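What follows is a single structure, written as structure tokens, with notes after it.
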Amino acid sequence: MGGRILVVAETQSTNDDLRGLAESGWPEGRWLRAERQTGGRGRLGRPWLAAPGNLFASTLVVLGPDDPPATDLALVGGVAAHEALVRSMPDAPIRLKWPNDLLAADGAKLAGILLERVARGVIVGIGINVAGAPDLPDRDAAALRTLPGGAGIDAARVMDALADRFAAWLPRWRADGLEPVRAAWLAAGHCPGERLEARLPDGETVRGGFAGLGPRGELIVGLDDGGSRVIHAGDVGLVRG
Ligand code: BTN
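Note that this note's numbering has the sequence shown beginning at 65, numbered continuously upward.
Set out below in structure tokens:
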């Protein structure tokens, strides 16, 4: 099993596969990419719908006792994926939505990241709509190929860029903590005041304007009454004016 990226023709879910492989010594730095995924999973129990030619890939971050908090990896993954797409398609306006969705300029979803804890660390699973945008019931999706400069892009090329950028950000996070990651996220994420709606795990909905990230990457929402809320987990949507 040599090489930085192992490609399989089809699997149910690369995250599920990596859960088993992590127990039998899968090393940090290696990626598993599937050309087709039949049972992909997204955040919050949603399915991750597949279209032919899209990218489905997972890797393992092996956590050590001196590593910063594992929850930081949500932002690390988002920043690495954003940088990979920007370097692959410099003319395409691509941005981050908290915590780590990648969006086209019109807000349509291009990519998402699912983090899952395992005994040795964290599985980071990334789905990128390279060739096709699945039909989603509750949100718009877009594919890289329809964006400026995206005509010739394919999943293998995006995978190489993603593995590169993830391999660059991981040691930086270990050495310098979340701060440089947070700064890169802020440069690629919501504009100050952008209207958001966060649905929290307990069912509450918080509406307001983007007011920054906390020291651990928490979302800060400025409320219309002048107060603010710190959001640790939830499903964030953009509110159109
Ligand atoms: C999201 O809901 O935004 C996260 C989507 C994550 C999808 C990827 S595709 C590769 C990996 N395998 C899975 O089953 N899910 C992740």
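For every residue, glycine included, the Cβ atom is placed at its ideal position computed from N, Cα and C. The structure presented is a predicted model; accordingly, all values stated were derived computationally and were not measured.
- Excluding the 5 residues flanking it on each side, ALA297 has same chain C-beta neighbours closer than 8 Å at LEU264, PRO265, in chain order.
- Beta-bridge analysis with DSSP links VAL186 to VAL125, ARG181.
- Two segments are said to touch when three or more pairs of C-beta atoms, one from each, lie closer than 8 Å; by this definition the stretch 182-190 touches the stretch 110-124.
- In this structure, PHE230 has its beta carbon at no less than 8 Å from each heavy atom of the ligand BTN.
- In this structure, LEU96 sits away from VAL182, with a CB-CB distance that is not shorter than 9 Å.
- Residue state for LEU277 is assigned as strand, using DSSP reduced to three classes.
- Within the same chain, Cβ atoms closer than 7 Å to the Cβ of PRO244 are found at ARG236, the five residues on either side in sequence being excluded.
- Residue side-chain check: LEU226 keeps its Cβ at 8 Å or more from all non-hydrogen atoms of the ligand BTN.
- Taking 8 Å as the cut-off, the C-beta of ARG105 counts as close to a heavy atom of the ligand BTN.
- Bounds of the alpha helix (DSSP H) holding TRP237 are 219-240.
- Listed in chain order, the beta strand (DSSP E) runs fully inside the stretch 86-162 are 95-101, 119-126, 158-161, counting runs of at least 3 residues.
- When secondary structure is reduced to three states using DSSP, ALA247 falls in the helix class.
- The residues ALA225, in chain order, have a CB closer than 6 Å to that of ARG151 in the same chain once the five nearest residues on each side in sequence are set aside.
- When distances are taken from the beta-carbon of ARG83 to the heavy atoms of the ligand BTN, even the shortest one reaches 8 Å or more.
- Out of ALA227, ALA252, ARG238, GLY191, the CA that lies nearest to the CA of ASN118 is found in GLY191.
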